[in-house]
Amino acid sequence: MRAPGIRAVGLLSGWGPGVASLPQDAALAARGRAVLAVERPALDPDRFRRSRRECLMGVAAVHAMLEDAGEGPEAIAGERTALLYATVAAYAPSNREFIEARGGSVYFPYTAGAAVPAETAIAFGLTGPYEILVGGAPATMRAIARAAVLLETGACDRALVLAVEVFEECADLFARAPSAFGAPLVEAAACAWLEPGEGLLTFGRRRGRPRDPAARPRLGEMLACEPLAMLGLGRDTGDGGPTRIEGAWRGELARLEWSDSPYRTRPRAA
Amino acid sequence: MSGRRPLPLPERVAVTAAGVVTPIGQDLDTFWSGLLTGADGISLVERFPVADLRVGQGGEIKKLTRAVDWRGVPECRATRLLVSAADDLCAQAGGRLLAVEPERLGIVVGTALGGVEEGEHALAGATRRLGRALYDAPGHALARWLGARGPAVTVSTACASGATALGVGADMLRRGEVDAVVAGGYDILCRFVMRGFDSLRSLTRERVRPFDRRRSGLLLGEAAALVFLERERDAGPQRLGTLLGCGSASDAAHIAAPDPEGRGIERAMRAALAEARVDAGDIEFVSAHGTATPLNDRIEAAALRRVLRARADAVPVNSIKGAFGHTMGAAATLEAIVCLLAGRHGQIPATLGLEERDAACDLDCVQGTPRELRPRISLSTSLGFGGCNAALVIESA
């Protein structure tokens, strides 16, 4: 399939804002902490009075992406922008609160897996194609591949691939399944702005574990956010050439490979 | 200028079999005959306490009756519904499913709730069930049961999930990632969701009446529905039909309520028609979302009129939610199956509960008795929490 080009990446994580905040060695930098949390983003308290932290993280990731692109929200509003969202468990805190009867009726809609992308779509007026995938890094990589198809077929002019993971409210639950997750658990929200790019994109998967977990030691466990953080890292530290990323979840190893630099978008018509 | 270009004609994807488990039937034939005969799958929920809820009725499956070997299948009800539907699918597919190389068989399931009931059990003390609470756990359990080693994908576009899953599955086939896909949706009735919808006062104390002027809300149901997708050139002559197009769109309007103008579902319908290369004038039947909430049915009817234009008065529309409630993640797949079966059998089931059509739902709603008609090209619409909208265009064999 024709490769999408990455116009911008927004990232906030338990390490801080942006790719620059990522440590060289996550395990060392965590200093024994099991979870590195992201504070509730300070967005308009009136507009987002009912919003949950994970929803605000999604909105903040898009703001960071717009800042990275040097654009305002009007550049992405409307039906020609697709929104594809991936997560393993951003819904877990809201589900837990509702089960434990700590959330009232007005909060029930926020238990849906769609709550984070819904808040993001509302905040930026994104009314184009809309998909939500549940799973770790392979789900996000599949979302990028789906975005490539939507761009190639002209179903949209740009696609935002958004991922959010939160752990703090369910840290005790995640701690009961240490073999399922890496450490430290690093909360994150990341969004990539994709447009038609150059060259080809290959998406493949097989059963297995990553052969080259090179970026993992820098990120910690970010689950669905990992591929987007890796693309951000690749742009800031790579040589601008072909890029390959891998990610695994539940025994599935996925691979995305750009034949050309993924950070080059096709010039737009005047 | 947006630089829009004509959509390339996508490779056609055949639906060669379907399998279901629903409150009115635990195989495809019983489900279909139940819809035609007006079977009522609504009852008082018995599997968990509902006495404290405003509404305790729903489309509950009282007992899973398929003769499945449950060894190795988790106790998780969502997984068991999926496996029951897959067992029916295997029977309907007549060996085609088993002939696919495991590495080339993909699974795509849609759900609004995943294994959330396992989370309820885990937080109540059954901590070993915690790992099944993630929304993608039942889909992976289904893949294991089927012996599939291809991609196992879970989508969660709320109550549009069962349509999104079919679109994602078709995309896998078109890109050559797999040779066949088991795609569909599921969701169960559990306290979590009953309590949630009850607190929103979306549930009716009366019967579910899609498009009726007395409609007063929805009831929830549980079900699983799966279809077997293959590239048309690989599929044999035995097939239910073809998935021509899938479209989606976000409302960007409200966290729970649909856009009052229905612009999102309208965009999704137009996108599905564009992908299918089908004109709205070619649509012969609409299997509607039709939840029977005052807002949904009015919005959906208005959006359908805008899309179907002059044909709106001539296209029969039905909703199956009167028969067994809103089955959330399963609903859109069930409605796609209804499109396929209507074309196969030449009958469109009536909308159970519809007696006096609301003037604000000015459509040719099928009521009373099934309509004798063999639709070739049908449209199915789905709306969900979070402004999720999806539509499918389906051609019957």
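Protein chains in written order, with my numbering: chain A, 1 to 270; chain B, 271 to 667.
Beta carbons are placed, not taken as given, at the ideal position from N, Cα and C, and that holds for glycine.
This structure is a prediction, so every number in the text was calculated from the model and none was measured.
query	result
Considering only residues of the same chain and omitting the five flanking positions on each side of A:Asp157, which have a CB-CB separation below 6 Å?	Arg80
Which residues mark the beginning and the end of the alpha helix (DSSP H) in which A:Glu67 is found?	Arg53 to Ala69
Would DSSP call A:Tyr107 helix, strand or coil?	helix
Residues in its own chain within less than 6 Å of A:Gly10 by CB, not counting five upstream and five downstream?	Ala61, Ala64, Met65, Asp68 and Cys191
Going by DSSP, what residues sit across from B:Asp457 in a beta bridge?	B:Ala493
Would you list the one or two residues that DSSP bridges to A:Glu221?	A:Leu185
At which residue ranges does the segment 563-644 of chain B contain complete beta strand (DSSP E) runs of 3 or more residues, listed in the order of the chain?	586-588
Measure from the C-beta of A:Arg176 to each C-beta in chain B and report whether the shortest distance is under 9 Å.	yes
At the 9 Å Cβ level, is B:Cys346 part of the contact set with chain A, yes or no?	no
Just curious, the alpha helix (DSSP H) that A:Glu97 is in, first and last residue?	Ala92 to Ile99
Between B:Gly560 and B:Cys346, what straight-line distance do the alpha-carbon atoms span, to the nearest angstrom?	29 Å
For B:Thr563, go through chain A and note every residue whose CB falls closer than 7 Å to its CB, in chain order.	Ordered by position in chain A, no residue passes the 7 Å Cβ test against B:Thr563, which lies about 14 Å from the chain.
Below 7 Å CB to CB, which residues in the same chain sit around B:Pro564 once its five sequence neighbours on both sides are set aside?	Arg485
Please classify A:Gln24 as buried or exposed, where buried requires at least 16 other C-beta atoms within 10 Å of its C-beta.	exposed
Give me, in chain order, the residues of the same chain whose beta-carbon lies closer than 6 Å to that of B:Ala428; leave out the 5 immediate sequence neighbours on both sides.	Ala382, Gly654, Phe655, Gly656 and Cys658
Taking 8 Å as the threshold, find out whether the segment 25-34 of chain A comes into contact with the segment 42-58 of chain A through three or more Cβ pairs.	no
Can you pull the chain A neighbours of B:Val386, defined as C-beta to C-beta under 7 Å?	Asn95
Should B:Arg402 go down as buried or exposed, given a rule of 16 or more other Cβ atoms within 10 Å for buried?	buried
Have a look at the DSSP bridge pairing and note the partners of B:Arg501.	B:Val283
Please compile the residues from chain B whose C-beta is within a distance smaller than 7 Å of the C-beta of A:Val88.	Leu404
Using a beta-carbon distance below 9 Å, is A:Ile122 in contact with chain B?	yes
Taking the DSSP output, what are the residues bridged to A:Ile6?	A:Leu194
As a quick exercise: from B:Asp567, B:Leu574, B:Arg575 and B:Val577, pick the residue whose alpha carbon is nearest that of B:Arg627.	B:Asp567
Classify B:Lys591: buried if its beta carbon has 16 or more other beta carbons within 10 angstroms, exposed otherwise.	buried
Let me know the secondary structure DSSP gives B:Cys346 once reduced to three states.	coil
Would you please state the rounded distance, in angstroms, between the beta carbons of B:Leu488 and B:Val290? I believe it to be under 8 Å.	At roughly 20 Å, the Cβ-Cβ gap does not stay under 8 Å, so B:Leu488 and B:Val290 are not in contact.
So is A:Ala177 buried or exposed if we call it buried at 16+ other beta carbons inside 10 Å?	exposed
Checking contacts by CB at 9 Å: is A:Arg139 closer than that to chain B?	The amino acid at residue 139 of chain A is misidentified as Arg; the sequence shows Ala. It does; some Cβ of chain B falls within 9 Å.
At least one CB of chain A closer than 9 Å to the CB of B:Pro530: is that the case?	no
Once DSSP output is grouped into helix, strand and coil, what is the label at B:Met301?	As written in the sequence, residue 301 of chain B is Phe, which differs from the Met given in the question. Helix.
Which term fits A:Leu219, buried or exposed, when burial requires 16 or more other beta carbons within 10 angstroms of its beta carbon?	buried
Whose Cβ in chain B lies nearer than 7 Å to the Cβ of A:Pro295?	Because residue 295 of chain A is not part of the residues shown, which for chain A are 1 to 270, the question remains open.
Nearest-angstrom Cα distance between B:Pro280 and A:Gly16?	43 Å
Which whole runs of the beta strand (DSSP E) in the segment 130-181 of chain A are 3 residues long or more, in chain order?	130-134 and 158-165
Using a Cβ-Cβ cut-off of 7 Å (strictly less than) and excluding sequence neighbours within five positions of A:Leu150, which residues of its own chain qualify?	Ala82, Pro129, Cys156 and Ala159
Per the DSSP calculation, A:Phe203 is bridged to which residue(s)?	A:Leu256
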